[in-house]
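J.: Below are the structure tokens for one structure; questions will follow.
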Amino acid sequence: MKTIPSLIALLFLIPFIVLLADDTKPVPEPALEAIRYERTGGNAGTHDVIEITPDGAVTVKGRRMGNAKGQLNPEQITKLIVLFTDWNKLKSKYPAPRGAADDFHISIRYGTITVSGRESNANLPASFKAARSAIEKIARELTKK
9 MKTIPSLIAL LFLIPFIVLL ADDTKPVPEP ALEAIRYERT GGNAGTHDVI
59 EITPDGAVTV KGRRMGNAKG QLNPEQITKL IVLFTDWNKL KSKYPAPRGA
109 ADDFHISIRY GTITVSGRES NANLPASFKA ARSAIEKIAR ELTKK
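Start counting at 1 in the sequence shown, then tack on 8, and there's your number in our numbering.
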């Protein structure tokens, strides 16, 4: 007869055990989203584009950067994921200050979020500058420029 109360207690606890089991599911790692970097302007009137797919394929096309294709390694992919962590918190535009001329206009889209800025804007966020620098470094390594 002691088994009936134990069985009832066990039946009562099963939903809680299931809930605990559901909470222990691993959280998926963040994945790289598609990136499109575009740089226009400057004294020479350049137009450079760098595209990076979620699987790390890279295409570089442009007047100053040259043309190349390549593949990111896992460490580069991880670095980009980290650099874009707060991308959704940035403003969409960082315009040039009054009187600025011949500077670059840089536009970076990460997933569906595009942030653009003028090189002469002293208020470009550090995360924008870091993303720009990392993407340009990837392009330089591919094109050897």
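Even for Gly, the Cβ is constructed at its ideal location relative to N, Cα and C.
(1) Since Leu-91 and Ala-130 are thought to touch, with beta carbons under 8 Å apart, how far apart are those beta carbons, to the nearest angstrom?
(2) Would you check if the distance between the CB atom of Ile-114 and the CB atom of Arg-47 is smaller than 8 Å?
(3) Near Ala-142, which residues of its chain fall below 7 Å by C-beta distance, leaving aside the five closest residues on each side in sequence?
(4) Taking DSSP's pairing of strands, which residues face Asp-110 in a bridge?
(5) Where does Leu-47 sit, in a helix, a strand or coil, going by DSSP?
(6) For Asp-56, which residues in the same chain have their Cβ closer than 6 Å to its Cβ, ignoring the five residues on either side in sequence?
(7) Please report the residue range of the alpha helix (DSSP H) in which Ser-135 lies.
(8) DSSP state of Lys-77, grouped into three classes?
(9) From what residue to what residue does the beta strand (DSSP E) around Thr-67 run?
(10) For Thr-86, which three-state DSSP category applies?
(11) Quick check on Lys-101: does DSSP put it in helix, strand or coil?
(12) On the CB-based measure, 16 or more other CB atoms within 10 Å of its CB, does Gln-84 come out buried or exposed?
(13) Around the C-beta of Gly-53, are 16 or more other C-beta atoms found within 10 angstroms, so that it is buried, or is it exposed?
(14) As a quick exercise: from Lys-152, Lys-153 and Ala-147, pick the residue whose alpha carbon is nearest that of Leu-80.
T.: Well, looking at it:
(1) Not a contact, Cβ separation roughly 21 Å.
(2) It is a contact, given that the beta carbons lie within the stated cut-off.
(3) Here the set comprises Lys-87, Leu-88 and Leu-91.
(4) According to DSSP, which records beta bridges pairwise, Asp-110 is partnered with nothing at all.
(5) One detail in the question is off: residue 47 reads as Arg in this sequence, not Leu. Three-state result, Arg-47: strand.
(6) Arg-47, Gly-70, Arg-72 and Met-73, listed in sequence order.
(7) That run of the alpha helix (DSSP H) goes 134-151.
(8) Reduced to three states, the DSSP call for Lys-77 is strand.
(9) Thr-67 -> beta strand (DSSP E) spans 65-70.
(10) For Thr-86, the three-state secondary structure derived from DSSP is helix.
(11) The answer is strand: DSSP assigns Lys-101 an E or B state.
(12) With a 10 Å radius around the Cβ and a threshold of 16 neighbouring Cβ atoms, Gln-84 comes out buried.
(13) Around the beta-carbon of Gly-53, fewer than 16 other beta-carbon atoms lie within 10 Å, marking it exposed.
(14) When the alpha-carbon of Leu-80 is set against those of Lys-152, Lys-153 and Ala-147, the nearest one is in Ala-147.
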